[in-house]
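Notes to accompany the following structure.
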Amino acid sequence: MNPIPIEVLKELRSGHERFLSGFSRHPHSSRERMLEVEGAQHPIAAVLGCADSRVPVELLFDTGFGDLFVVRNAGTMSTTAAIASLEYAVAHLAVPAIVVLGHQRCGAVEAAFHPELQLTPSLAQVVGQLRMELFGLGAAEDLEEACRLHALNAARNLVDSSVLLTDRLREGRLQVEAAYYNLHTTRIDWLGSVLPNRFSKDLW
Ligand SMILES: [Zn+2]
43 MNPIPIEVLK
53 ELRSGHERFL
63 SGFSRHPHSS
73 RERMLEVEGA
83 QHPIAAVLGC
93 ADSRVPVELL
103 FDTGFGDLFV
113 VRNAGTMSTT
123 AAIASLEYAV
133 AHLAVPAIVV
143 LGHQRCGAVE
153 AAFHPELQLT
163 PSLAQVVGQL
173 RMELFGLGAA
183 EDLEEACRLH
193 ALNAARNLVD
203 SSVLLTDRLR
213 EGRLQVEAAY
223 YNLHTTRIDW
233 LGSVLPNRFS
243 KDLW
């Protein structure tokens, strides 16, 4: 039987609550577990997050080897490589839920507020994309608000860029959740699900 998206998300939320309360179980972190999943992976969910060292996804959800299919890059960007990786997780590993996890004080988002920065061509491309996005969202002032809006927008972009993900959402076989990790409180705020209809007026 295929896993139910909402059940998987519930599991992630409970793992995060354990982490928050200081009672992480650190499951599946032994060498034995690694050998158990050596032959094949069956992760329960996928996460698109930032490469920031303060956002260790497995620890935040109290998970271990083989539990999460994690894609990270600077700025939690829905790049072609990220989209392809998440499509692989959904199509070939039957992952029923994707969390797009933005975070507080994201350096990539902050850089978008500073056009005077000297950046390499690759960095300039990422930051330029963020700058246009935030300008379009009307989030040119407040960094925290911009980080939240970006998480929502990255989730929306991810789904809108993929026929596979859109179809799975429509069929109810996939849920895509935007979330925001506060570095100070260490709490993840759940920002909402991406709705399957890209033409819907009520996006969230
Ligand atoms: Zn970041």
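Numbering (our numbering), first residue to last: 43 to 246. Think of the CB as a built atom: it goes at the ideal place given N, C-alpha and C, for glycine as much as any other residue.
Close beta carbons around residue i, own chain, < 6 angstroms, minus the five adjacent residues each side
i, result
"L194", "A220, L233"
"H192", "G144, V151"
"D244", "Residue placement at D244 is poorly supported in this model, since its pLDDT is 47, which falls under 50; the coordinates still yield a value, given next. Taken in chain order, the list of residues that qualify is empty."
Local Cβ density within 10 Å of residue i, reported as buried at 16 or more and exposed below that
i, result
"F241", "Note that F241 scores 49 on pLDDT, short of 50, meaning its location in the model is unreliable; the coordinates nonetheless yield the value given after this. By the neighbour-count rule (16 or more Cβ atoms within 10 Å), F241 is not buried but exposed."
"D306", "Here the chain comprises residues numbered 43 to 246, so residue 306 is not present and cannot be evaluated."
"M119", "buried"
"Q167", "exposed"
"T162", "exposed"
"W246", "Because the pLDDT of W246 is 46, which lies under 50, any placement of that residue in the model is unreliable, and the number read from its coordinates should be weighed accordingly. With fewer than 16 other Cβ atoms within 10 Å, it is exposed."
"T228", "exposed"
"I86", "buried"
"S56", "exposed"
beta-carbon residue i near ligand 1 non-hydrogen atom, thresh 6 angstroms
i, result
"D94", "yes"
Contact belief for residue i with residue j at Cβ below 8 angstroms, rounded distance in angstroms
i, j, result
"F103", "H70", "Incorrect: roughly 11 angstroms between the Cβ atoms, too far for contact."
"F107", "R75", "5 angstroms"
"V89", "V99", "5 angstroms"
Beta-carbon contacts of residue i that lie in its chain and below 7 angstroms, excluding the five residues immediately before and after
i, result
"A154", "V169, L172, R173, L176"
Paired residues, beta bridge with residue i - DSSP
i, result
"C189", "Note: C189 sits in no beta bridge, so no partner."
"D231", "Y222"
"I140", "A88, V218"
"L110", "A87"
"H145", "Y223"
"N44", "Per DSSP, none; premise fails for N44."
"N115", "C92"
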